[in-house]
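As structure tokens, the structure follows; a few thoughts come after it.
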């Protein structure tokens with residue numbers, strides 16, 4: 021069955037990856053249900069398809085009956101739900117283990133033909149990071165309930181709405197220095213959100229993707245220091261890069277994660293994640309195994325959206341602009 025004739029339920033479809041994926045699925049002609057807690061916030065995506073093609077669907081992923089309704093009659097299920105920090109009921113266990121397990125179990129029970137679960141590069145049951153351990157546990161729970169599921173593990177995902185380059189671009193506007201946590205030597209392989217969306221759609225049409233895991237990284241790896249330098253270059257700011265020892269970063273994370281209102285700039289668990297490189301294993305299946313060979317680079321894409329942080333815009337002759 022081609023994607024064009026399918027009903028696809030996307031959990032977490034109004035988020036960063038979801039909004040790029042929904043547009044691609046709509047172009048294929050599929051009927052897309054966006055299973056979300058707040059359908060009003062997903063209403064903007066309805067214009068990505070024909071009338072009635074994209075349907076925000078009120079879903080409480082903590083309840084079996086609600087998830088089952090979202091999956092009823094669906095040919096495909098895609099899970100994009102994930103959190104970067106814990107707060108209240110928003111725990112790694114709930115988001116990364118319990119929810120994927122429920123989706124996989126009910127997808128199997130409702131006769132859904134394909135399931136794609138988006139996890140994270142670095143998922144590891146033996147990690148010191150609760151985030152990484154929960155991601156690994158979620159993968160296992162999905163495969164236990166739905167053995168033919170496809171697992172995708174992206175590295176840091178970048179794009180217009182990302183939480184990485186945008187965060188440091190904003191910091192470079194006002195902060196006199198940027199932190200090099202652990203000395204800035206940790207390596208990342210940032211992957212463009214559009215390429216991740218292409219990988220998801222490719223996985224839906226390849227029988228060879230069933231029951232397999234794929235690591236998704238961009239065309240090259242960078243150190244954390246190199247990524248901050250790239251950010252400063254693109255926002256036309258020169259800031260000191262101050263090495264922050266691991267012990268200091270852990271203390272700082274412990275303070276910032278307790279801020280009750282704002283999303284924390286850093287948590288102790290994120291410090292643990294930063295202690296390990298986040299790059300694709302040379303032996304892992306990846307984009308090429310999904311038929312994708314042309315990948316977008318940070319140097320090409322990041323300047324297109326960090327320009328908003330340049331005072332006066334890109335034109336250096338504008339009064340007050342960067343020189």
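In the working numbering, the protein residues as written are 21 to 343.
C-beta atoms are modelled at their ideal positions from N, C-alpha and C, and glycine is treated no differently.
Member of the options whose CA lies at the smallest distance from the CA of residue i
i, options, result
"residue 292", "67, 23, 147, 94", "147"
"residue 95", "207, 281, 234, 128", "128"
"residue 123", "169, 107, 154", "169"
"residue 141", "171, 314, 190", "171"
"residue 312", "322, 218, 155, 162", "218"
"residue 101", "131, 46, 36", "36"
"residue 295", "305, 314, 265", "265"
"residue 57", "82, 199, 197", "82"
"residue 46", "23, 130, 61", "23"
"residue 77", "71, 70, 59", "59"
Assigned secondary structure, residue i (DSSP; H/G/I helix, E/B strand, else coil)
i, result
"residue 220", "helix"
"residue 298", "strand"
"residue 29", "strand"
"residue 178", "strand"
"residue 92", "coil"
"residue 71", "coil"
"residue 104", "coil"
"residue 259", "coil"
"residue 339", "In this prediction, residue 339 has a pLDDT of 42, which is less than 50 and means its spatial position is unreliable; what the coordinates show is noted afterwards. In this structure, residue 339 counts as coil in the three-state DSSP scheme."
"residue 249", "helix"
"residue 87", "helix"
Residue i burial status per 10 Å Cβ neighbour count (16 or more: buried)
i, result
"residue 99", "buried"
"residue 193", "exposed"
"residue 50", "buried"
"residue 319", "exposed"
"residue 108", "exposed"
"residue 316", "buried"
"residue 322", "buried"
"residue 209", "buried"
Beta-carbon contacts of residue i that lie in its chain and below 6 Å, excluding the five residues immediately before and after
i, result
"residue 157", "117"
"residue 75", "53"
"residue 344", "No answer is possible for residue 344: the residues shown for the chain start at 21 and end at 343."
"residue 144", "152, 156"
"residue 138", "100, 172"
"residue 88", "126"
"residue 274", "288"
First and last residue of the uninterrupted beta strand (DSSP E) at residue i
i, result
"residue 173", "170-174"
"residue 99", "96-99"
"residue 235", "233-236"
"residue 344", "The requested residue 344 is not part of the displayed model; the chain covers only 21 to 343."
"residue 286", "Where residue 286 is concerned, there is no enclosing beta strand (DSSP E), given that its DSSP letter is neither H nor E."
"residue 197", "197-201"
"residue 135", "134-138"
Cβ shell of residue i (< 7 Å), same chain only, five flanking positions each side left out
i, result
"residue 42", "30, 33, 52, 54, 65, 68, 74"
"residue 337", "Any answer about residue 337 is weak, because its pLDDT of 46 lies below 50 and its placement is not dependable; what the coordinates show is given next. Nothing meets the Cβ criterion."
"residue 93", "27"
"residue 325", "180"
"residue 184", "176, 178"
"residue 166", "124, 127, 128, 135"
Unbroken alpha helix (DSSP H) run spanning residue i, endpoints
i, result
"residue 37", "36-48"
"residue 319", "318-326"
"residue 153", "150-165"
"residue 305", "First-last for residue 305: undefined, no H or E at that position."
"residue 268", "266-276"
Own chain partners of residue i with C-beta closer than 8 Å, once the 5 adjacent residues on each side are dropped
i, result
"residue 206", "243, 244, 294, 295, 296, 297, 298"
"residue 211", "174, 175, 176, 177, 178, 236, 237, 238, 315"
Below-8 Å beta-carbon distance, residue i vs any chain D residue
i, result
"residue 321", "No chain D appears in the structure shown, which is made up of a single protein chain."
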